[in-house]
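*Asks:* Counting from 1, position 381 in the sequence shown corresponds to residue 381 in this note's numbering; the numbering is continuous, with no gaps. Note that CB positions come from ideal geometry on N, CA and C, so glycine has one too. For clarity, every value in this text was computed on a predicted model and none was experimentally measured.
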Amino acid sequence: MQEDRLNYLFHRAIDGRITPAERQELHELLADPGARERYDELFAQLPDLTAAQENMFSASEAAALLSRIAHSSGMQETGKKKPVFRLKPVLIGAAASLALLLSVISYRFFIPSRHTGEKATLAAAGPIHKHAGVTLVLADGRQVTLDTTASGRVIDQQGTQAVNSEKGTLTYIAQSTTGGATTTYNTLSTPRGKHFKVVLPDGTRVWLNASSSLRYPTLFNNAQRKVELDGEAYFEVAKDANRPFLVATSQQAVRVLGTSFNVKAYTDEPYTNTSLVEGSISIEPENGGKAAVLAPGEQATLENSLLRVKKTDPQEGIAWMSDLFYFSNTELSVVLHQLQRWYDVEVDFSSLPAGRLYGQLPRSTPLPQLLSAIEKTSNIKFKLNNDRLSVDKQ
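Below is the structure:
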């Protein structure tokens, strides 16, 4: 009976007919692990469902469906200071398929999971990788390109071993619990368009987003576990009550004992965002400002030495972990920074018009298609020439 009801609600969701009461019922059903498994099975069938029905919607119907998607996901326009645009499909047949896919993603993606990082799929299918691969700089200055390094290769260092696995993961195996008198560091860096996972010597798991770097000791000392981040990363920190875990960026430090959170601290953006998924963390501004303690579902933004905390969807900050672009009243400049890092293009910000975007799209979406979708729903005009992207008003 429950499975029949789940099937019914699932199909109500993908065709846009689900009511608020049914949506709440769907969320309650998905609290049961068995129902979640069945929902994942249904979700996995989506490519077949949409391929068979890709021409059943007209362009206007597809646009209306996306409008319902945005409404049912709680994506409402706030304020009138800047124009707000919603992404919609470009082609009629492909539009219907994409609309259906986005509809169910909006339900699947916003169901909280205690193991978000563990289940995340980090396949980079969209961008073309033109530059260097994922690199590891060892304590002695040697540089290892992990993309071309044979899986299973063991890199011996003082007190630890680093193993490059075939699943795009670098795992450190500590041969002792803490470091010696001299602390040695490694630096893991991702280029544009790629991300990578590292398991630190204490068991902490870190997913590094595109165009980011993480510096960390090959063995942590007895007092604390400190790493340095430039860019964006999601952390699942191994619990150790005696040694707090610190993430240092150019503007702040995040102090935790064991929790799951995301830090976005790119040097080409004026702010640092920290989103807490599970546990508790303390944000300590580097300028000596007042610290803030976050609870799950809160996000701290540090900009111009001012720290602000607000409630947010806990999944919003980690959409990239599921290979999604997630825009929710997002400044156009922030969107373009994301596209620049993922598609490896150079963006001209000199004549950038004001605007905000709503929408969710797979990061495997070809860049021309994504830009066209934005153009068709806004007064923004793009010009892509030799990997250089310029932006202006239409």
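Look at the alpha carbon of Thr204 and the alpha carbon of Lys383, and state the distance between them as a whole number of angstroms.
*Replies:* Along the sequence shown, read from residue 1 onward, the residue named residue 204 stands at position 204. Along the sequence shown, read from residue 1 onward, the residue named residue 383 stands at position 383. For Thr204 and Lys383, the distance between alpha carbons rounds to 42 Å.
*Asks:* Just to confirm, are Thr272 and Thr249 a CB contact at a threshold of 7 Å?
*Replies:* In the sequence shown, residue 272 corresponds to position 272, counting from 1. In the sequence shown, residue 249 corresponds to position 249, counting from 1. In contact: Thr272 and Thr249 (Cβ atoms closer than 7 Å).
*Asks:* Less than 8 Å between the CB atoms is what I'm expecting for Thr190 and Leu208, so what's the real figure, rounded?
*Replies:* In the sequence shown, counting from the first residue as 1, residue 190 sits at position 190. In the sequence shown, counting from the first residue as 1, residue 208 sits at position 208. Contact holds; Cβ gap of about 5 Å.
*Asks:* Label Ser328 either buried or exposed according to how many other C-beta atoms from any shown protein chain fall within 10 Å of its C-beta, with 16 as the threshold for buried.
*Replies:* Walking along the sequence shown from the start, residue 328 turns up at place 328. Counting Cβ neighbours within 10 Å, Ser328 comes out buried, since at least 16 surround it.
*Asks:* Over the uninterrupted beta strand (DSSP E) stretch that includes Leu257, give me the two end residues.
*Replies:* Here residue 257 refers to the residue found at position 257 of the sequence shown. Unbroken run through Leu257: none, as it is neither H nor E.
*Asks:* Quick test of your reading: Ala253 and Glu286, contact by CB under 8 Å. State the CB separation rounded to the nearest angstrom.
*Replies:* Mapped onto the sequence shown, residue 253 falls at position 253. Mapped onto the sequence shown, residue 286 falls at position 286. So it is a contact: roughly 7 Å between Cβ atoms.
*Asks:* Expressed to the nearest angstrom, what Euclidean distance is found between the alpha-carbon atoms of Val256 and Thr267?
*Replies:* Taking the first residue of the sequence shown as 1, we reach residue 256 at position 256. Taking the first residue of the sequence shown as 1, we reach residue 267 at position 267. Val256 and Thr267: Cα-Cα distance of roughly 23 Å.
*Asks:* Please confirm if the stretch 307-318 is in contact with the stretch 331-346, defined as three or more CB-CB distances below 8 Å between the two stretches.
*Replies:* Not touching, per the Cβ criterion.
*Asks:* Rank Ile173, Thr365, Ala238 and Asp387 by C-alpha distance to the C-alpha of Arg225 and give the top, closest one.
*Replies:* Taking the sequence shown and counting its residues from 1, the one referred to as residue 225 is at position 225. For the residues Ile173, Thr365, Ala238 and Asp387, the minimum Cα distance to Arg225 belongs to Ala238.
*Asks:* Only counting the same chain, and skipping five residues up and downstream in sequence, which positions put a Cβ closer than 6 Å to that of Asp275?
*Replies:* Counting from 1 along the sequence shown, the entry for residue 275 is found at position 275. Checking the displayed sequence, the identity of residue 275 turns out to be Ser instead of Asp. Closer than 6 Å at the Cβ level, and outside the excluded window around Ser275, lie Asn262, Gln299 and Gly317.
*Asks:* Could you tell me the alpha carbon to alpha carbon distance between Val347 and Leu370, rounded to whole angstroms?
*Replies:* Working through the sequence shown from its first residue, we reach residue 347 at position 347. Working through the sequence shown from its first residue, we reach residue 370 at position 370. Each residue's alpha carbon lies about 15 Å from the other.
*Asks:* Look up Ser372 in the DSSP assignment and give the residues it is bridged to.
*Replies:* Taking the sequence shown and counting its residues from 1, the one referred to as residue 372 is at position 372. DSSP lists no partner for Ser372.
*Asks:* Of the choices Thr183, Thr148, Ala150 and Ile173, whose alpha-carbon is the least far from that of Asp140?
*Replies:* By one-based count along the sequence shown, residue 140 stands at place 140. Of Thr183, Thr148, Ala150 and Ile173, the residue nearest in Cα terms is Thr183.
*Asks:* Can you give me the C-alpha to C-alpha distance between Ser351 and Asp240, rounded to a whole angstrom?
*Replies:* Taking the sequence shown and counting its residues from 1, the one referred to as residue 351 is at position 351. Taking the sequence shown and counting its residues from 1, the one referred to as residue 240 is at position 240. Roughly 49 Å between the two C-alpha positions.
*Asks:* Should Ala150 go down as buried or exposed, given a rule of 16 or more other Cβ atoms within 10 Å for buried?
*Replies:* The residue you call residue 150 lines up with position 150 of the sequence shown. It is exposed - the Cβ of Ala150 has fewer than 16 other Cβ atoms within 10 Å.
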